[in-house]
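Right, one structure below, let's go through it.
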Amino acid sequence: MASEEPILATDLERYLPLLARGKVREIYTLDDSKLLFVATDRISAYDCIMKNGVPEKGSLLTKLSARWFEFLKSEIPALHTHFIELSIPATLRQSVPERLVHQLQDRSMQVRRLKVFPIEAIVRGYVTGSAWKEYTEKGTIHGLTVSGPGGRRLQESEKLENPIYTPSTKAEPGSKDENIHPDQAAKIVGQTYAEQIEKLSLEIYIKASTYALSRGIIIADTKFEFGLDDTSDQVVLVDEVLTPDSSRFWPADTYQAGRSQESLDKQYLRDWLTASNLKGQEGVEIPEDVILKTKSKYQEAYEQLFG
């Protein structure tokens, strides 16, 4: 059995205003300029939240995001992020019961409060997932024409000649994100911001994927989100970053183009749902063996990247 019960929801509304509840995170208002991001152990797949969670997943995601924010800031000094610190505010710690302090430990992040752009900034270094599905049907990825060396067709999981920026819409709860062409993203957020988001997304991906590969992990693709600091008009990296929830991580030592890959992310859960004819169903109860396997993959990703 799992060593600890998963935390599927927090209980802070008596102490802080709840701003939003996402698929995984619960966001509380600290003051006019700061928020508290709390990552639960909920897990979603195919835009549906599962009935049970993965113990300690929230703390792993939070610690991994914090390490990436620190790494990226050192590698890209001009990058602005919403990350402030990995801690519970002292005033909150003093006012809530000890059980809530324990619940919040390692899964809470103080961040800047910003207006978030309504797109998801996806970068793909390899053709897989929904990109592979579109490519096999249309020969495009998010409407972009791509090909292998010499103009030949790409294989499944093949590395792209250069990473590509492939945004999607940011759907409301209960709806699904839609893959869009970069030109459509520019219409949503404006050309100037769209260009900045694309440039930053590719730069972050290149820095992160180079580091990850040195640690034996391929980042096949990943999703970023950005916000706007109204006071300075700066585009800011927000939300989680480069986690097994937002990325595809492949062990480099078993990689082989032309087939699906072993992974250190939630692809194992996606595959189980598909094989069980449960894809796209809300509130599925995951068997204990699938939970433990998923947890071990998240732990392995963290340890391999920053352990």
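Residue numbers (the numbering used here): 3 to 309. Idealized CB from N, CA, C, for every residue including glycine.
Contact between the region 92-101 and the region 10-18 is established, with three or more Cβ pairs separated by less than 8 Å. Contact holds between the region 116-134 and the region 151-163, because three or more Cβ pairs, one in each stretch, are under 8 Å apart. The Cβ atoms of Thr64 and Arg109 lie closer than 7 Å to each other. Rounded to the nearest angstrom, the gap between the Cα atoms of Phe308 and Gly285 is 33 Å. The DSSP-derived three-state label of Gly229 is strand. In this structure the region 19-35 does not lie against the region 255-272, because fewer than three pairs of beta carbons, one per stretch, are closer than 8 Å.
Taking Ile51 as the centre and dropping the five residues before and after it, the same chain places the C-beta of Lys25, Arg44, Ile45, Glu284, Gly285 closer than 8 Å to its C-beta, in chain order. Two segments are said to touch when three or more pairs of C-beta atoms, one from each, lie closer than 8 Å; by this definition the region 236-245 touches the region 195-207.
The three-state secondary structure of Lys178, taken from DSSP, is coil.
For Ala173, no alpha helix (DSSP H) encloses it, and the DSSP letter there is neither H nor E.
Lys225 is classed as buried because its beta carbon has at least 16 other beta carbons within 10 Å across all chains shown. Selection Ala11, Gln306, His84, Gly229 evaluated against Val56 yields Ala11 as nearest (Cα-Cα). Ranked by Cα distance from Gly145, the first of Gly153, Tyr300, Glu180 is Glu180.
Lys140 and Asp13 have their alpha carbons spaced roughly 47 Å apart. With respect to the 7 Å criterion, Ala123 and Ser203 are classified as neighbours on the basis of their beta carbons.
Within the same chain, Ala68, Met111 come within 6 Å of Leu88 by CB-CB distance, once the 5 residues on both sides are set aside.
Phe251 has Ile221 as its beta-bridge partners, per DSSP.
The beta carbons of Lys117 and Leu230 sit about 5 Å from each other, so the pair counts as a contact at 8 Å. Less than 7 Å divides the Cβ of Phe119 from the Cβ of Phe228.
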